Amino acid sequence: LIIFQATAAQQQQQLAQELLAEVRGQLAMLQSAAAKSTGDAASQQRQQLRDQLIAENAELRAEADRLRDEMIRLQMRNGVAQVPLLRPEPPSSASASATVAAPTPSAAAEKPKADSKAGSAATAATAAASNKKPGKAAGQAKDSGKPAESKKTAGKEPTAADGGLDVTRLDLRVGRIVSAEKHPDADALYVETVDVGEERPRTIVSGLAAHVPLPELQGRLAVFLLNLKPAKMRGISSEGMIMCASASGKVEILSPPSGVSPGDRVSVAGCPSPAERPPDAQLNPKKKIWEALKPHCLVDADGYAGFNGARWLVAGQGEVRAPSLKSAQIS
Numbered sequence: 001l002i003i004f005q006a007t008a009a010q011q012q013q014q015l016a017q018e019l020l021a022e023v024r025g026q027l028a029m030l031q032s033a034a035a036k037s038t039g040d041a042a043s044q045q046r047q048q049l050r051d052q053l054i055a056e057n058a059e060l061r062a063e064a065d066r067l068r069d070e071m072i073r074l075q076m077r078n079g080v081a082q083v084p085l086l087r088p089e090p091p092s093s094a095s096a097s098a099t100v101a102a103p104t105p106s107a108a109a110e111k112p113k114a115d116s117k118a119g120s121a122a123t124a125a126t127a128a129a130s131n132k133k134p135g136k137a138a139g140q141a142k143d144s145g146k147p148a149e150s151k152k153t154a155g156k157e158p159t160a161a162d163g164g165l166d167v168t169r170l171d172l173r174v175g176r177i178v179s180a181e182k183h184p185d186a187d188a189l190y191v192e193t194v195d196v197g198e199e200r201p202r203t204i205v206s207g208l209a210a211h212v213p214l215p216e217l218q219g220r221l222a223v224f225l226l227n228l229k230p231a232k233m234r235g236i237s238s239e240g241m242i243m244c245a246s247a248s249g250k251v252e253i254l255s256p257p258s259g260v261s262p263g264d265r266v267s268v269a270g271c272p273s274p275a276e277r278p279p280d281a282q283l284n285p286k287k288k289i290w291e292a293l294k295p296h297c298l299v300d301a302d303g304y305a306g307f308n309g310a311r312w313l314v315a316g317q318g319e320v321r322a323p324s325l326k327s328a329q330i331s
């Protein structure tokens, strides 16, 4: 009997140990699941915060661009020339003493008299060094025999005629927005599928979510810049840019004339047509071509889009305009 009771006690002790081990295992599983759930919630919260910060950053960047464009528009209205910052070729040692350095845009706007005196002093010094009259020194370089840069042209704003601002390099075309939807990873962006008259539609990402309701984009005709280098915006490659007018915080999509079709070229009055001078296949982002041309692309006081006052148009159809904005920046 004693042996039987001892055996039963051992069995009960072993069963108790097995139950205790099972309880400990379940407790460990519950602790692990709780830790994983907490980690997933924290990770999800961090991702939401990251997405929120990215969206806010995009909105701030768009606001900074709008304020910059507004400042440029006001400067141009008040007669302040906007000179693109193009990197000049370094002057040779032979002509360095005979060339008057072109002032920066701000210096040219603030101290024109000082620049004129400095240019005259440089011309006189060059004439004295070469034992020639100042007039001849200003007209000729000492060794090359080529005309030197005169004071009147130093710092002059480049134009389309001299190759500094050639708007015909832009590939502007009419496109139809086949479909548009919100960007899956950015609340401030739209993703549009656009028919521009090519074999396949293009994908274009735009920051219009805060300005244009999504239903207004469906099936809409607009003007697009199509030779920018494709760039990824929150993971989606954008193959162009929709052209809009902006002023005083309001943004509108430019409207092409009635009767146009996807793929129709947009040209500038008085400039060679795209057939006569084809645009660049792709603008070199290092050359900042669009950045140099952009301040000169404006909506005039009558609401028509233009470049330096020459209107954008579709041959045989009419002119491009903003729906309601006037005296606005195009971007």
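As numbered in the UniProt record's numbering, residues 1 to 331 make up the sequence shown, in order. Every residue, glycine too, gets a C-beta built ideally from N, C-alpha and C. Since the model is a prediction, treat every value here as computed from it, not as a measurement.
Residues that DSSP places opposite residue i in a beta bridge
{"i": "I289", "result": "Paired residue(s): none; I289 is not in a bridge."}
{"i": "A62", "result": "Its beta-bridge partners do not exist; DSSP assigns none."}
{"i": "R46", "result": "In DSSP, R46 forms no bridge with anything."}
{"i": "D195", "result": "R176"}
{"i": "G318", "result": "V314"}
{"i": "E252", "result": "A245"}
{"i": "S238", "result": "A231"}
{"i": "T203", "result": "T193"}
{"i": "V268", "result": "W312"}
Residue span of the beta strand (DSSP E) that contains residue i, given as start and end
{"i": "A246", "result": "The question names Ala, but residue 246 in the sequence shown is Ser. Where S246 is concerned, the enclosing beta strand (DSSP E) stretches over C244 to A247."}
{"i": "H183", "result": "L172 to H183"}
{"i": "L298", "result": "C297 to V299"}
{"i": "L225", "result": "L221 to L225"}
{"i": "S327", "result": "That residue, S327, is in no beta strand (DSSP E); it is neither H nor E in DSSP."}
{"i": "G306", "result": "A305 to F307"}
CA-to-CA distance, residue j to residue i, given in whole angstroms
{"i": "A222", "j": "I253", "result": "7 Å"}
{"i": "H211", "j": "A64", "result": "15 Å"}
{"i": "K232", "j": "E22", "result": "54 Å"}
{"i": "L208", "j": "L189", "result": "6 Å"}
{"i": "R202", "j": "L74", "result": "34 Å"}
{"i": "S331", "j": "G39", "result": "44 Å"}
{"i": "P257", "j": "E198", "result": "20 Å"}
{"i": "L85", "j": "A55", "result": "For L85, the predicted structure reports a pLDDT of 45, less than 50, and the residue's modelled location is therefore unreliable. A value from the coordinates is still provided. Answer to the nearest angstrom: the Cα atoms are 31 Å apart."}
{"i": "Q44", "j": "Q52", "result": "12 Å"}
{"i": "S327", "j": "G235", "result": "35 Å"}
{"i": "S261", "j": "D195", "result": "10 Å"}
{"i": "G318", "j": "L49", "result": "48 Å"}
{"i": "V178", "j": "V205", "result": "13 Å"}
{"i": "A180", "j": "V314", "result": "25 Å"}
{"i": "G25", "j": "A42", "result": "26 Å"}
Beta-carbon gap between residue i and residue j smaller than 9 Å
{"i": "S324", "j": "E70", "result": "no"}
{"i": "R220", "j": "R277", "result": "no"}
{"i": "F307", "j": "C271", "result": "yes"}
{"i": "S255", "j": "R321", "result": "yes"}
{"i": "L217", "j": "P285", "result": "no"}
{"i": "P274", "j": "T193", "result": "no"}
{"i": "R66", "j": "G249", "result": "yes"}
{"i": "L165", "j": "A305", "result": "no"}
Does the segment 260-268 come close enough to the segment 170-184 to have 3 or more Cβ pairs within less than 8 Å? At 8 Å Cβ cutoff, the stretches touch.
Cβ contact check for the segment 226-240 and the segment 295-309: 3 or more pairs under 8 Å: Too few Cβ pairs lie closer than 8 Å, so no.
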